[in-house]
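Chemist: Mind looking over this structure? Questions follow.
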Amino acid sequence: MPDKLLGWLKSFQREGLSSILTPVFGIIFGLTVAAVVIIQQGVSPLEAYRELFLGAFGDLGSFTFTLLRFIPLAFTGLAVTLAYRGGVFNIGAEGQLYVAALASTWVGIYPLQGPAFIHVFLALLVGMIAGAFWAFIPGYLKATRGINEILTTILMNYVAINLVGLAVNTFLMEPGQSAPQSPTILESARLPIILPGTFLHAGFLLVFVLAWLVYWVLWHTTWGYEIRSVGANREAACYGGINVKRVMILTMTASGALASLAGSSEILGVQYRLLENFMVGYGYDAIAIALLGGLHPLGTLVAALFFGALRNGANSMQIAVGVPVSIVYVIQALAVLSIIATVAIRNIYFRLAFKKEGR
Amino acid sequence: MPVLLELRGICKSFPGVKANDNVDLQVASGEIHALLGENGAGKTTLMNCIYGLYTPDAGQIFWEGREVKINSIRDAINLGIGMVHQHFMLVHNFTVLENIMLGLPSRKEPFLDKGKVAREVRKLMEAYSLYVDLDAQIWQLPVGLQQRVEILKALYRKARLLILDEPTAVLTPGEVKELFHILRQLVAQGYAVIFITHKLDEVMAIADRITVLRDGRVVKTLEAKAADKKMLARLMVGRDIAYEKPKTSATPGEEVLRVENLQALDNKGLPALRGVSFTIRRGEILGIAGVAGNGQTELAEVLTGLRKATGGKVFFKGQEITNWNPRALYELNIAHIPEDRQRVGLIMDFSVKENTLLGVYYRWPFAKGIQMNHSVIHEHAVKLIQEYGIRTPGPEAKVRFLSGGNQQKLILARELSRKPELLIAVQPTRGLDIGATEFVHQQILLQREQGTAILYISTELDEIMKLSDRIAVFYKGEIMGILEPHKTDIETLGLLMAGAQRLETN
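Residue numbers (my numbering), protein chains in the order written: chain H, 85 to 443; chain X, 867 to 1372.
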């Protein structure tokens, strides 16, 4: 069953220009069909979308808030994309970002001698190690024991979420407070604001560095060749002298490290303290984002920006024209569905085309 | 004899290709009608139209003179058409009887009526001397008997026309003889048989009439008596083919590969190799003959590091290499043309260019450190495409879009371009047309002249006889004998392949 799923997911993969066109097409489709629903509400879709757009990009403030949503979605989207390319499903980005946030907070609340950037760097690094470790476990179990990583990653999400709950209620609880929250992290552990007067932090730049890194590794290095080979055809990869198990474990670990940045950057750049359920669903949204993005780092960024904008613009749309916020989930779902539908149609077409081969 | 099935002007197109173009065909009761053609000639498509898997774009189908529409397999079965597929459609952990009953309504719904069906099937078995143990589970039966179950299944469903798709591909020469005997009996009782094949000898041996297909069209329908092999080959390929290429006599050099008492398990954990020993020398081709599934695949996998040996030793030029990993073996310059080119030998979703890198991607000049050198890789791919005449839209085209022959050429190009010292080729011509087969044979012989030691595994005896300097016959994971092709004949090989006798090996 997972192999069948894998084969099917393969057809989502896009390269080159189509990696950007795919999500753009999906977004247009989603907006178009959702327009029908908006008309049903007695509202002009053009007006609703104008409010949505203004809410997401209208002024510097709302624009940076969109970007603040975009950052964690992009990190988790990249994490899922990388794992997919290596033939493993990382449904555990949620858990990985939770343990990373926990680890980063822990480092962030203790004073550290030395220049400030070392403290931030250390907090990010420890978060990455935590996220990577959280992904290493299912990767290792899958490669060496054949245990389905979809199950293990989902289950480990609950462990991670409850671990954070435990932490903010006990050892990481702010002293003298009864609310389940950690103390705020020190100034020295915070990600610097890169646009004065806004909340946009340095994590934004890190997104692009890592997206480029993922792209470069996948298509310009021998590691990427190994990852993509294992993702495309494990048996052929083995025949080609690739250590499939090692590649699977490392891909999953790297994916966890990417996902960790979503949690760490949120704590170190935005919230400055750890709360229970401090960000919900970003790990799961990542799956939709990766698919919409054609499992390509560039497409993933486009899709993440779209998701971020929808979330951020939805409220002002509701206030201005009375279209409920949940319409954005409809748009998201339609966009992803349209991609799935195109892939299905393509598959059917090719299956017909290949029947001529006589097999 | 009355015409049972008639096709008039059948056309079937798929995007970009006309698989069947205006095909006419008549099959009479009491005849064995051979459908001859290369791979891709449209034989299987045509049969799928008859069997209700495809609907033809144009044309008419007549059954006993009445026009019929066959929209599903059920329609075909109800008319009296039965098909024995190349890959059997049997449930492996069901018994023979259960397989025969599968999908049929029972007279004791919701319970099975095994007793009654068993009696009826036994009657059929007696009538056509098609004996099989009804209580045996399919996996316990040899392939020849599994095929019988398929035939019984069709007969029990009251088929009067049997379509056999490449039925001899998996059989020993002895089993082929038995199959032919059964088919003769069936047609004597008024059944009709369509026999799909690309093997000329079989056509000459069994067919009453022959229809030759090429590029989706009927080239000719003729009486078997009026045909000869040479003429059929010409009709099939559309040109004269050089049959025998003179092979230079062997000049084997020093020993390259030595295998001692090698043992291994198959995927189910059962012994697949039970102590195999042989050697191959420089410039020598050792052919491994045997019916598919007697340990040949496992042998190739053990020798290339894809499967662990559970006992015995392998030496390469004196160095023990037992259970080395694939990359280490690759670096010793051992090349492997795997049995399943689409699943093992190639990554179908990768481009031609990327597939030329399999196994060498990490080496200079293709990579420097971890960074890949795309311009060198591109040039290398273009060079291979030219040298081996791979027909592809370009090095960036996905391998999925290449024909089977060109996919195999790509594997040959990749594996042979690095001048291997030992080549392990498993069924390298399977599914290829005559032209591509000829190309593969030439390349293999060329390697031999250049001093490569070659292990050539094939289930096609013709091929083994033609290429090998020595032949080792496999049966149930053991070597039944090692002999020289000019000192033996197909019958002897056939007996060894069936495990009926064993030669003393040196």
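Think of the CB as a built atom: it goes at the ideal place given N, C-alpha and C, for glycine as much as any other residue.
Computed from a predicted model, the values in this text were never measured in an experiment.
#1: Take the Cβ of Arg-940(X) as the centre, count every other Cβ of all protein chains shown within 10 Å, and call the residue buried at 16 or more, exposed below.
#2: Going by C-alpha to C-alpha distance, which of Lys-1275(X), Gly-925(X) and Ala-1233(X) sits closest to Glu-1253(X)?
#3: Among Gly-324(H), Gly-171(H), Pro-129(H) and Ala-286(H), which has the Cα closest to the Cα of Thr-335(H)?
#4: Just reading off the beta strand (DSSP E) that Ala-1291(X) is part of, what are its end residues?
#5: With distances taken from CA atoms, which of Leu-1278(X), Ile-1300(X), Lys-1285(X) and Tyr-1322(X) is nearest Ala-1291(X)?
#6: With contact counted as at least three CB pairs below 8 Å, one residue from each stretch, are the stretch 1061-1069 of chain X and the stretch 871-884 of chain X in contact?
#7: Is the Cβ-Cβ distance between Ala-419(H) and Met-1214(X) less than 9 Å?
#8: Indicate whether the contact test is met: 3 or more Cβ pairs, each with one atom in the stretch 301-317 of chain H and one in the stretch 125-132 of chain H, closer than 8 Å.
#9: Note down, in chain order, all residues in the stretch 306-328 of chain H with a beta-carbon under 7 Å from any beta-carbon belonging to chain X.
#10: Could you check what DSSP says for Leu-1318(X) in three-state terms: helix, strand or coil?
#11: Does Lys-887(X) come out as helix, strand or coil in the three-state DSSP assignment?
#12: How about Gln-1237(X): is its C-beta nearer than 9 Å to some C-beta of chain H?
#13: On the three-pair Cβ rule with 8 Å, is the stretch 286-297 of chain H touching the stretch 389-397 of chain H?
#14: Could you name the residues that DSSP lists as bridge partners for Trp-929(X)?
#15: Taking only the alpha-carbon atoms, compute the straight-line gap between Ile-432(H) and Leu-379(H) and give it to the nearest angstrom.
#16: In chain X, what lies closer than 8 Å to His-203(H) by C-beta?
#17: Checking contacts by CB at 9 Å: is His-304(H) closer than that to chain X?
#18: Looking at C-beta atoms only, is the number of pairs between the stretch 1030-1045 of chain X and the stretch 1007-1015 of chain X that lie closer than 8 Å three or more?
#19: Got a sec: is the Cβ-Cβ distance from Gln-416(H) to anything in chain X below 9 Å?
#20: Identify, in the order they occur along the chain, each residue of the same chain with its Cβ nearer than 8 Å to the Cβ of Leu-382(H), setting aside the five sequence neighbours on each side.
#21: Applying a beta-carbon distance threshold of less than 7 Å, which residues of chain H neighbour Val-1210(X)?
#22: Taking any Cβ of chain B, which residues in the stretch 1211-1229 of chain X have a Cβ under 8 Å from it, in chain order?
#23: Can you tell me which residues form a DSSP beta bridge with Lys-1234(X)?
#24: Residues of the stretch 1273-1295 of chain X in Cβ contact with chain H at a cutoff of 8 Å, in chain order, please.
#25: Would you call the stretch 1280-1296 of chain X and the stretch 1314-1332 of chain X in contact, with 3 or more CB pairs under 8 Å?
#26: In its own chain, which residues sit with a C-beta less than 7 Å from the C-beta of Ala-341(H), not counting the 5 before and 5 after it?
#27: State whether the stretch 954-966 of chain X contacts the stretch 1012-1026 of chain X, with contact taken as three or more CB pairs (one from each stretch) at a distance under 8 Å.
#28: Determine whether the beta carbon atoms of Leu-902(X) and Val-1042(X) lie at a separation below 9 Å.
#29: Answer yes or no: the CB of Pro-381(H) versus the heavy atoms of the ligand ZN, is any distance below 8 Å?
#30: Are the beta-carbon atoms of Ala-1263(X) and Ser-1217(X) separated by less than 9 Å?
#31: Just curious, the alpha helix (DSSP H) that Thr-337(H) is in, first and last residue?
#32: Run through DSSP, which three-state label would Lys-980(X) get?
#33: Using a C-beta to C-beta distance shorter than 7 Å, which residues of chain H count as neighbours of Arg-1193(X)?
#34: Shorter than 9 Å from the beta carbon of Pro-1033(X) to some beta carbon of chain H?
#35: Report the rounded CA-to-CA distance for Gln-1003(X) versus Leu-871(X), giving the unit in angstroms.
#36: I need the straight-line Cα distance from Trp-929(X) to Leu-919(X), nearest angstrom please.
Modeler: Answer, in terms of the structure:
#1: exposed
#2: Of the candidates Lys-1275(X), Gly-925(X) and Ala-1233(X), the one whose C-alpha sits nearest the C-alpha of Glu-1253(X) is Lys-1275(X).
#3: Gly-171(H)
#4: 1288-1292
#5: Tyr-1322(X)
#6: no
#7: no
#8: no
#9: Thr-306, Trp-307, Tyr-309, Ser-313, Ala-316, Asn-317, Glu-319, Ala-320, Cys-322, Tyr-323, Gly-324 and Gly-325
#10: Inspection of the sequence shows that residue 1318(X) is occupied by Thr rather than by Leu. Coil.
#11: The question names Lys, but residue 887(X) in the sequence shown is Asp. Asp-887(X) sits in a strand when the DSSP states are folded into three classes.
#12: By the rule that beta-carbons nearer than 9 Å mark a contact, Gln-1237(X) touches chain H.
#13: no
#14: Leu-871(X) and Arg-932(X)
#15: 20 Å
#16: Simply none; closest approach about 31 Å.
#17: yes
#18: yes
#19: Using a CB distance cut-off of 9 Å, Gln-416(H) does not count as an interface residue toward chain X.
#20: Cβ within range, chain order: Ser-103, Ile-104, Ala-295 and Tyr-299.
#21: Near Val-1210(X) (Cβ distances below 7 Å), the residues of chain H are Glu-319, Ala-320 and Tyr-323.
#22: Going by chain labels, chain B is absent from the structure shown, which instead holds the protein chains H and X.
#23: Gln-1237(X)
#24: Shown here is that no member of the stretch 1273-1295 of chain X has a Cβ falling below 8 Å from a Cβ of chain H.
#25: yes
#26: Met-212, Gly-215 and Ala-216
#27: yes
#28: no
#29: The ligand ZN is not among the ligands present in this structure, which contains no ligands whatsoever.
#30: yes
#31: From DSSP, the alpha helix (DSSP H) with Thr-337(H) extends over 328-350.
#32: helix
#33: Gly-325
#34: no
#35: 35 Å
#36: 17 Å
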